[in-house]
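Below is one structure, written out as structure tokens, with a few remarks after it.
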Amino acid sequence: MLVTAYLLALLALLLAWPVPVALSRAQWPARSPFAAMVLWQSIALAGGLSMIGAMLVYGLSPLGDSLVAAVRRAVKVVLGNEAPNELHFWHLFALSAAALLSVHLVFTLLLTYARIASQRRRHRELLALLSSPSGALERTWVISHPAPVAYCLPGGSRSVTVLSDGLMETLAPEELDAVVSHERAHLTQRHHLLLWAFEAWRSALPWLPTTRLARQAVNSLVEMLADDVARRTARDDVLVRAIALVAVGGEPAGAAAAAGPGSVPAPSAAGAFDADGVDIAGRLSRLLTPRPPLGRGATALVLAASLLLIAVPTVLLIVPGLF
């Protein structure tokens, strides 16, 4: 059991610093954003499982030779109101830390969801007052604003795309179609759920390098995925012009905050990064000088590594007597 705890702690340490740092500096994710997205999710899940599992296994190690046996013994101790003489201070400390961290993660996830839902509700109420349905585009609302603005507001069957009249006046028809296709891709691919999960992870563990790097990477990857959808119907040069024109316009004040992490607002004019830290220059470079996507072998290798990351801590926790 102690060897298992140490292995889980080592895996948690690797997934908390060197692995996410190396992945954040890699160039290949732009060539295969889907595979990179799967890998980031695996790092987050495996890191959290390893962190909690290491403390849990260490805390229960005196009670059995496997986690299952130790849990059964712990249940008997609790139900029988026995004194756990095998457990010392550091074992109880590890168990308390594992329980607190688990509750903290779940509570932060729910709290983040409640905050996002409240922000979207207020945003939707403002849209009802300040915007009007587009007659030409389905499930699209138009706000009166001179700057070119485009973002989506998730909400299940009530999901909408929001455009400004400044955007519609600035962009050519084919550029406008590319922007609408991009924003609708965020909705159809449920990117807001990914952003919600990683935003909650960042809020729960702001001191952990993985959470900051993962949130920034996921924000960029969802934009690349939406760009790839738009590229199916629009030429790359058309999409580049649309992104560049929207990037110099920015979003209405407070739009991103009101929509919450699930929205994908237009970039701000503050520089090469938008309000969510997405590298606008990188997006444009990816379209201007496209590189071939990862081959099937390389993609399969990334997906296999992602699966392995989840499998290793799971096997270490549930297989009796492995170490």
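Take 1 as the starting number for the sequence shown in UniProt numbering and just add one per residue. Note that CB positions come from ideal geometry on N, CA and C, so glycine has one too.
Handout entry: Neighbourhood of Pro-33 by C-beta, 6 Å cutoff - its chain only, sequence neighbours within 5 removed
Key = Only Leu-221, Met-224 and Leu-225 meet the Cβ criterion.
Exercise for the section: Give the DSSP-derived three-state secondary structure of Gly-250 in the structure shown. Expected result: Unreliable placement is indicated for Gly-250, whose pLDDT of 49 sits below 50; the coordinate value is still reported in the next sentence. DSSP, read as helix, strand or coil, puts Gly-250 in coil.
Exercise for the section: Name the two residues that bound the continuous beta strand (DSSP E) containing Ser-61. Expected result: Note, Ser-61: premise wrong, no beta strand (DSSP E); not H, not E.
Practice task
Determine the direct distance from the alpha carbon of Gly-135 to that of Thr-210, and round the result to whole angstroms.
Solution key: When rounded, the distance between both Cα atoms is 44 Å.
Problem - Ser-144 - DSSP class collapsed to helix/strand/coil - result: Under the three-state reduction of DSSP output, Ser-144 falls in the coil class, being neither helix nor strand.
Practice task
Could you spell out the range, first to last residue, of the alpha helix (DSSP H) harbouring Pro-18?
Solution key: Per DSSP, Pro-18 is one residue of the alpha helix (DSSP H) stretching across 18 to 25.
Handout entry: Cut-off 6 Å between Cβ atoms - residues of its own chain near Leu-307, not counting five sequence neighbours on either side
Key = Cβ within range, chain order: n/a, list empty.
Handout entry: Backbone secondary structure at Pro-267 - three-state DSSP
Key = Legend: pLDDT at Pro-267 = 37, less than 50; position of this residue unreliable, no value from coordinates given.
Exercise for the section: Please classify Ala-114: does DSSP put it in a helix, a strand, or coil? Expected result: Helix.
Exercise for the section: Tell me, to the nearest whole angstrom, how far the beta carbon of Val-142 is from that of Asp-177; I am working on the premise that it is less than 8 Å. Expected result: The Cβ separation is near 15 Å, so there is no contact.
Practice task
Determine the extent of the alpha helix (DSSP H) in which Ala-150 is found, giving its start and end residues.
Solution key: Not the alpha helix (DSSP H): Ala-150 falls in the beta strand (DSSP E), residues 150 to 153.
Exercise for the section: Would you decide whether Val-103 is buried or exposed? Buried here means 16 or more other CB atoms lie within 10 Å of its CB. Expected result: Result: exposed.
Handout entry: Sheet register partners of Leu-163 (DSSP bridge)
Key = Beta-bridge pairing by DSSP links Leu-163 to Val-142 and Ala-150.
Problem - Inside the region 60 to 129 only - alpha helix (DSSP H) runs reaching at least 4 residues - result: Runs of the alpha helix (DSSP H) inside the region 60 to 129: 67 to 79.
Practice task
Figure out for me which residue from Val-21, Leu-45, Leu-287 and Ser-66 has the closest Cα to the Cα of Trp-4.
Solution key: This sequence places Thr at residue 4; Trp is not what is there. For Thr-4, the nearest C-alpha among the options comes from Ser-66.
Exercise for the section: Provide the residue span of the alpha helix (DSSP H) that contains Pro-209, from first to last. Expected result: 209 to 230 is the extent of the alpha helix (DSSP H) around Pro-209.
Practice task
List the endpoints of the continuous alpha helix (DSSP H) containing Pro-133.
Solution key: Looking at the DSSP string, Pro-133 is not in any alpha helix (DSSP H); the run it does join, the beta strand (DSSP E), is 131 to 133.
Problem - Opening and closing residue of the alpha helix (DSSP H) in which Trp-201 lies - result: Where Trp-201 is concerned, the enclosing alpha helix (DSSP H) stretches over 191 to 204.
Exercise for the section: Please classify Arg-120: is it buried, with 16 or more other beta-carbons within 10 angstroms of its beta-carbon, or exposed? Expected result: Looking at its Cβ environment, which holds 16 or more other Cβ atoms inside 10 Å, Arg-120 is buried.
Practice task
Since I believe Leu-239 is in contact with Ala-230 (beta carbons under 8 Å), could you give me their beta-carbon distance rounded to a whole number of angstroms?
Solution key: Between Leu-239 and Ala-230 the Cβ distance is about 6 Å, and since that is below 8 Å, they are a contact.
Handout entry: Val-315, enclosing alpha helix (DSSP H) - first and last residue
Key = Looking at the DSSP string, the run of the alpha helix (DSSP H) that includes Val-315 is 296 to 318.
Problem - Range of the contiguous alpha helix (DSSP H) that encloses Arg-184 - result: Per DSSP, Arg-184 is one residue of the alpha helix (DSSP H) stretching across 173 to 188.
Exercise for the section: Please determine, among Gly-295, Gly-155, Val-180 and Arg-215, the residue with the shortest C-alpha to C-alpha distance to Leu-167. Expected result: Taking each of Gly-295, Gly-155, Val-180 and Arg-215 in turn and checking the Cα distance to Leu-167, the smallest one comes out for Val-180.
Exercise for the section: Assign Phe-107 to buried or exposed, taking buried as 16 or more other Cβ atoms, counted over all protein chains shown, within 10 Å of its Cβ. Expected result: Exposed: under 16 other Cβ atoms inside 10 Å.
Practice task
Compute the Euclidean distance between the alpha carbons of Arg-286 and Ala-117, then round it to the nearest angstrom.
Solution key: The C-alpha of Arg-286 lies about 33 Å from the C-alpha of Ala-117.
Handout entry: Backbone CA spacing between Glu-86 and Phe-93 [nearest angstrom]
Key = Annotation: Glu-86 to Phe-93 spans about 14 Å, alpha carbon to alpha carbon.
Practice task
May I have the straight-line CA-CA distance separating Ser-96 from Pro-29, to the nearest angstrom?
Solution key: Ser-96 and Pro-29: Cα-Cα distance of roughly 38 Å.
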